[in-house]
Amino acid sequence: MFKRARNIQSKVSILFDGQPIAAEEGETVAAALFAAGILSFRQAPEDDSPRGPYCMIGNCFECLIEIEGLGGRQACQTRVRDGMVIARHRGLATVEAGS
Amino acid sequence: MLDHDVAIVGGGLLGSAFGWGLARAGQKTIVFDEGDTAIRTARGNFGLVWVQSKGQTMPDYAAWSLQASQLWPDFADELKDSTGIDIHYVREGYNIAASEVELEQAIAGQERIKAGMGDRAYSYEVIDRKTLKSVAPLVSDTVPGAIYTGHDGHCNPLFLMRALHQDMQTKGGDYRPNTPIDAIRPAPGGGFDLFSGCGRLLASAERVIVAAGHGSGELVRDYGIDLPVHADQGQVLVTEKVSEVFSFATGTVRQTDNGSFLLGASSKEIGLDTRTDLPTLAEIVRYCLSIFPFLGNLRLQRAWGALRVMTPDGCPIYQQSDSYPGLFSFACHSGVTLASVHALMVTKWILDGQIPSEFDVFHPRRFHV
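Same order as they appear, the protein sequences are chains A and B. Per this note's numbering, residue 106 is the first one in the first sequence, and the count goes up by one each step. Per this note's numbering, residue 58 is the first one in the second sequence, and the count goes up by one each step.
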């Protein structure tokens, strides 16, 4: 489990699956969730196994998560914003016909 | 002293198919591969098992691709039985035309193949928009139709690689990653010695297959062997994973077994450069969206470039050295499509020590007429 190296200096609040989570302004969504003890960001579509960040530098795409209603976003490449709404991926999204 | 029956230089899709087929035939086989910084065409490709675009100018290549497609179901089944790895081979493919002009060109191409094949059976269907809509409801209303042959399809090329590597080793083949071969020399008393860059003898084998893609030419140059290949760069984009929309492949779009869409089919000659660039990616996306507008609702996840091993006429090169029998050098860009015939047929040529005369058309002397 991860622990913050120092206490939050400049606090923002994000919502993860409806639960408020305190985060440091400017840190990434992945870092904020890790610090809050959340390791599983989604279920793998192949076998429903829990998945979370692996590389934290944008390469592995394991940290994909839904941010502000958009799925498939990289939690480790997205900075938190006060009031940001985040949700765990469950299963596969379905596509819409488009125009 | 010879320590192997066959040594293969190159662990991509060609080398792996040969290595698997030869180990399966009981040959003492060793495959030398480079490391992660190598130009890995086999790790960047689109995963098509595709017949209808092949051999419009060389009927024997069309026939060879057709034979590959026919062997694919058994090939995939055997790999699954041996390894438990399902490589998700699906034989369903449409060449969807984005415009009337494209459809006419595609039909003309099919007619060329049909004419070239002579009395060898080859047929295709032109599917109109209405029929296409019944299998692909989300196709654009601007699409005039598609070509369907019943032979085209796709697979998961990474699982194909993994299955070949795993089963090759289960069957006794020796796979050596991070072991580039620097020189191949005739061994005293017959066969060949393979050396590392610092001159260390790594293996001695009765026969050698050079299938090292862009690195092959240099390895066989001292033998006077002509292996003209150039890099043809293709860029591929991958979307987020979504539930299954369709199971078939087109030449430019396919949904993978785990739900991603792959968008591809660029072609550029810029040397050994795998970098992506925005104009090329944008053009791929624009074209794919003109066929499947719904793709615009998906998030792109990443993009990459890979280098096709392209011969001057786009057809494979299969050759054995005249002056040093036992030294084979092979190159082609359709390593996925041809994996079945490479594993199951070409390996028989190696065992026989001879490429059958009907395959003489694939010798690079065709470039010097």
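Cβ coordinates follow ideal geometry from the N, Cα and C atoms, glycine included. If you're wondering where the values come from, they're calculated on a predicted model, not measured in any experiment.
| Asked | Found |
| --- | --- |
| Assign A/L169 to one of three DSSP states: helix, strand, or coil. | strand |
| Output the boundary residues of the alpha helix (DSSP H) element that contains B/A172. | 157-174 |
| Please list the terminal residues of the continuous beta strand (DSSP E) segment that includes B/I153. | 150-154 |
| Express the C-alpha separation of A/P158 and A/G131 in angstroms, rounding to a whole number. | 18 Å |
| Have a look at the DSSP bridge pairing and note the partners of A/H194. | A/R147 |
| Closer than 7 Å between beta carbons: that is the criterion. Which residues of the stretch 177-200 of chain A meet it against chain B? | G177, L197, A198, T199, V200 |
| Going by other Cβ atoms of all chains shown within 10 Å of its Cβ, with 16 needed for buried, is B/Y162 buried or exposed? | It should be noted that the sequence gives Gln, not Tyr, for residue 162 of chain B. By the neighbour-count rule (16 or more Cβ atoms within 10 Å), B/Q162 is not buried but exposed. |
| Output needed in chain order: residues of the stretch 127-153 of chain A with a Cβ under 9 Å from some Cβ in chain B. | A149, P150, E151 |
| Counting pairs of beta carbons, one from the stretch 307-317 of chain B and one from the stretch 397-412 of chain B, are three or more of them closer than 8 Å? | no |
| Please tell me whether B/G69 has its Cβ less than 8 Å away from any Cβ of chain A. | no |
| Taking beta-carbon pairs under 8 Å, can you tell me which members of the stretch 353-364 of chain B lie near chain A? | G353, N354, L355, R356, Q358, R359 |
| From the beta carbon of A/F166, is the nearest beta carbon of chain B less than 8 Å away? | yes |
| Using the C-alpha atoms, what's the distance from B/G202 back to B/A154? | 6 Å |
| Quick check on B/I142: does DSSP put it in helix, strand or coil? | coil |
| State the Cα-Cα distance for the pair A/L141 and A/A127, rounded to the nearest angstrom. | The question names Leu, but residue 141 of chain A is Ala in the sequence shown. The straight-line gap from Cα to Cα measures roughly 8 Å. |
| Per DSSP, what kind of secondary structure is A/S204 in: helix, strand or coil? | Here the model assigns A/S204 a pLDDT of 46, short of 50, so the residue's position is not dependable, and the following value carries that caveat. Coil, per DSSP. |
| Nearest-angstrom Cα distance between B/T236 and B/G67? | 10 Å |
| Could one say the Cβ of A/L120 lies closer than 8 Å to chain B's Cβ atoms, at least one of them? | no |
| Please identify the residue among B/T394, B/H61, B/Q124, B/L215 whose C-alpha is closest to the C-alpha of B/G83. | B/H61 |
| On the premise that B/C389 lies in contact with B/T461, defined as a C-beta separation below 8 Å, what is that separation, rounded to the nearest angstrom? | Absent from the model: residue 461 of chain B. The displayed extent of chain B is 58 to 426, so no value can be given. |
| Mark B/V426 as exposed unless 16 or more other C-beta atoms lie within 10 angstroms of its C-beta, in which case mark it buried. | exposed |
| Is any beta-carbon of chain B found at less than 8 Å from that of A/S204? | Low local confidence applies: a pLDDT of 46 at A/S204 is under 50, so the model's placement there is unreliable, with the coordinate-based value given in what follows. Closer than 8 Å to some Cβ of chain B, the Cβ of A/S204 qualifies, so yes. |
| In chain A, what lies closer than 7 Å to B/V302 by C-beta? | V200 |
| Check the DSSP bridge columns for B/L385 and list the partner residues they point to. | The amino acid at residue 385 of chain B is misidentified as Leu; the sequence shows Phe. Answer is B/I266, B/Q377, bridged to B/F385. |
| State yes or no: is the C-beta of B/S397 within less than 8 Å of the C-beta of B/F132? | yes |
| Between the C-alpha atoms of B/T313 and A/S115, what's the straight-line distance to the nearest angstrom? | 43 Å |
| Anyone know if the C-beta pair for A/I170 and A/V200 falls short of 8 Å? | no |
| Whether or not the stretch 348-356 of chain B and the stretch 267-283 of chain B are in contact is what I'm after, with contact meaning three or more pairs of Cβ atoms, one per stretch, closer than 8 Å; do they touch? | no |
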